[in-house]
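Numbering (the UniProt record's numbering), first residue to last: 1 to 131. A quick write-up on the structure given underneath.
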């Protein structure tokens, strides 16, 4: 090795004309696990993509967006004032208003976008201990 190359490279430098192994382009997608449909639906709901798409659809259908937002906020406030015990925990008034608006347009959404996780046991679930 020439002294100039030795100064540029730190440590030992090995020259290879080509890579030793050729990577298979189709192997990577095969190795990934394909998720089930329920998992994809859960991801969409948890990340709020469904709610975002619904809000965007409702906003595009309205002429004046500011009046629309004020109407939804006023309706949500009236829901909270009429029934304070129901809202505040898992159920949100604004989500209730948005789900009602989507149901009025003909697209089914559960009340307040609330769906219990089907994979979690309910409050009455008793675990059986095997002895």
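Using N, Cα and C, we set each Cβ at its ideal position, and we do this for glycine too. None of the values given here were measured: they were computed from a predicted structure.
Asked, Found
"Buried or exposed by the 16-neighbour rule on C-beta atoms within 10 Å, applied to residue 73", "exposed"
"Close-in-space but distant-in-sequence residues of the same chain around residue 96 (CB under 8 Å, 5 per side omitted)", "76, 79, 87, 111, 112"
"Limits of the unbroken alpha helix (DSSP H) element including residue 207", "It is not possible to answer for residue 207, since the shown part of the chain is limited to 1 through 131."
"CB of residue 54 within 8 Å of CB of residue 102, strictly", "yes"
"Residues of its chain near residue 92, where Cβ-Cβ distance is below 7 Å and the 5 sequence neighbours each way are ignored", "112"
"Cβ-based neighbour list, residue 65, same chain, cut-off 6 Å, excluding 5 preceding and 5 following", "59"
"First through last residue of the alpha helix (DSSP H) which encompasses residue 54", "49 to 61"
"Where residue 61 falls, given that 16 or more other Cβ within 10 Å makes a residue buried", "exposed"
"Close beta carbons around residue 68, own chain, < 8 Å, minus the five adjacent residues each side", "58, 59, 62"
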